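In our numbering, the protein residues as written are 5 to 288.
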């Protein structure tokens, strides 16, 4: 089958920020024998191809364009699936003034989608019928396997993977104060730089952005695990995503600094990540 990602609803500068979400889906589908294409132009493949959208209808032009397309009965038949990445009840994302209307517009879009694939177990079943809803699990994909640098050449003690805010900065400053070399991807670097940093890091640090967040980031953790990184994850998620902690060095927020210091100075820190990747690849 042919799957086509239509990403025109995302602003150009933000396309690099969704790479960790899109790439595993692309290569997961390809591993199953499907053809996958992507684009931002209005031309779409004909039926029976499947058009995949990544949720982001924060502004009226995006949702209005989508609804007009799906309501136009003169157009050829199409199949549209929507991948949803956020907690519907996370006000920091869904009711953020910088993204006006994101939650409301997403709810408007649901009836016009043939299926919906959430990657976090939020309350999508309250808005989408069960026969059109399926959870999208992230896991190991051999095509995305990358190798890091030799242990002796790893010049970054801790790499924080994500954007920086006050909560995360406090931990990074605590690590620096303990004498560790700390770097960050800041959520905006292209993959060729982010992956280089990951390959040079002894540890990759994964933290939630704010206390009210209840779901971890499967795309962020999996991207690090694919590269054989030793991942230190903040331990907080009690949902079905909790299985990802089996492959990380998970600890409470208050213990992150000490955990990173101990691991960064451990002679087997790199081997821990490589062993975790092998278990991740087997699902054990």
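Cβ atoms here follow ideal geometry from the backbone N, Cα and C, with glycine treated the same way. Here the structure is a predicted model, which means the values were calculated and not measured.
Item to check | Rounded separation between residue 225 and residue 188 - CA only | outcome: The alpha-carbon atoms of residue 225 and residue 188 are separated by roughly 15 angstroms.
Checklist entry - Rounded to whole angstroms, how far is the Cβ of residue 213 from the Cβ of residue 172, which I believe are closer than 8 angstroms? => result 7 angstroms
Next on the checklist: Quick check on DSSP: helix, strand or coil for residue 117?
Outcome noted: In this structure, DSSP gives residue 117 a state outside helix and strand, which the three-state scheme calls coil.
Next on the checklist: Rounded to the nearest angstrom, what separates residue 281 and residue 268 at their Cα positions?
Outcome noted: 18 angstroms
Next on the checklist: Quick check: the Cα distance between residue 77 and residue 89, rounded to an integer number of angstroms?
Outcome noted: 29 angstroms
Checklist entry - Is residue 84 near residue 57, with beta carbons less than 9 angstroms apart? => result Result yes, Cβ atoms of residue 84 and residue 57 sit closer than 9 angstroms.
Checklist entry - Can you tell which of 194, 190, 152 and 182 has the C-alpha that lies nearest to the C-alpha of residue 170? => result 190
Next on the checklist: Out of 195, 68 and 61, which one is the CA nearest neighbour of residue 98?
Outcome noted: Between residue 98 and the set 195, 68 and 61, the nearest pair of CA atoms involves 61.
Item to check | Paired residues, beta bridge with residue 103 - DSSP | outcome: The partner list for residue 103 (beta bridge, DSSP) is empty, contrary to what the question assumes.
Checklist entry - Mapping DSSP to helix, strand and coil, what is residue 243? => result Looking at residue 243 - three-state DSSP - the assignment turns out to be coil, as it is neither helix nor strand.
Checklist entry - With distances taken from CA atoms, which of 232, 197, 175 and 87 is nearest residue 265? => result Of 232, 197, 175 and 87, the residue nearest in Cα terms is 175.
Next on the checklist: Suppose you measure from the CA of residue 121 to the CA of residue 182; what does that come to, to the nearest Å?
Outcome noted: 42 angstroms
Checklist entry - Just checking my contact of residue 253 with residue 236 at CB under 8 angstroms: how many whole Å lie between their CB atoms? => result 5 angstroms
Checklist entry - Exposed or buried, what is residue 14 when buried is set at 16 or more other beta-carbons lying within 10 Å of its beta-carbon? => result buried
Checklist entry - Would you say residue 229 and residue 251 are within 9 angstroms of each other, going by their C-beta atoms? => result Yes; because the gap between Cβ atoms is below 9 angstroms, this pair is in contact.
Checklist entry - Where does residue 238 sit, in a helix, a strand or coil, going by DSSP? => result strand
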